[in-house]
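Number 54 in the numbering used here belongs to position 29 of the sequence shown; there are no gaps in the numbering. Each residue gets a CB set at the ideal place from its N, CA and C atoms; glycine is no exception. Keep in mind it's a predicted model, so treat the numbers as computed, not measured. Following: one structure in C-alpha cells, then a few remarks.
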Amino acid sequence: MWLIRLVRDLLIIYGCLMVGRGIALLLPFEFPASIIGLIVLFILLSLRIIPARWVEFGAEKILSVIALFFIPPGVSVIQDMADIRLFGWQLVLAMAIAWLSMALTIVYLFQWMEKK
C-alpha cells in the first residue's frame, strides 16, 4: 500500500513540474520550470484542490534523500578552488543573503500557515 501511495504522491509532484515546464515554454522570458511547478503545487495545496495528504508521504521521502542531490555540486566546488579563492568573500555574502532570505520566507510561511 505504501508503494502505491508513494507513486501517487510523486506523480502529483511530477505533474506539477510538467505543468511548470509548459508554462515556462509559454513565457517570453527565461524562468525555471521547477520554480513554476512549485508555485503551481503551492496554489493547488493552498486552494485545497489537492489535499496535503496526497503529497505528504512522497515529499517526506524526497526530503529524506535530498542531501544526495548536493554531492555532485559539492565535488564541483572543491574542484574549482581557484575561483573560490578569487571570489570567496562574494560567494560567502551571496550564500548568507540567500540563506537569510530563505529562512525568513520559511518562518513567514510557517506562521501564515499556522494562522489558518
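Cutoff 8 Å; reference Trp79; Cβ partners in own chain excluding five residues on either side: So the qualifying residues of the chain are Arg33, Asp34 and Ile37.
The region 42–58 in contact with the region 96–108 per 3-pair CB rule at 8 Å: Contact between the region 42–58 and the region 96–108 is absent, with fewer than three C-beta pairs closer than 8 Å.
Pairwise C-alpha distance: Ala128 and Phe135: C-alpha separation (whole angstroms): 11 Å.
Range covered by the alpha helix (DSSP H) that runs through Glu85: Element bounds for Glu85: Arg78 to Ser89.
Whole-angstrom C-beta distance between Leu88 and Gly62, which should lie under 8 Å: Rounded, the Cβ-Cβ distance is 16 Å, inconsistent with contact.
Assigned secondary structure, Ile61 (DSSP; H/G/I helix, E/B strand, else coil): Here Ile61 sits in helix by DSSP.
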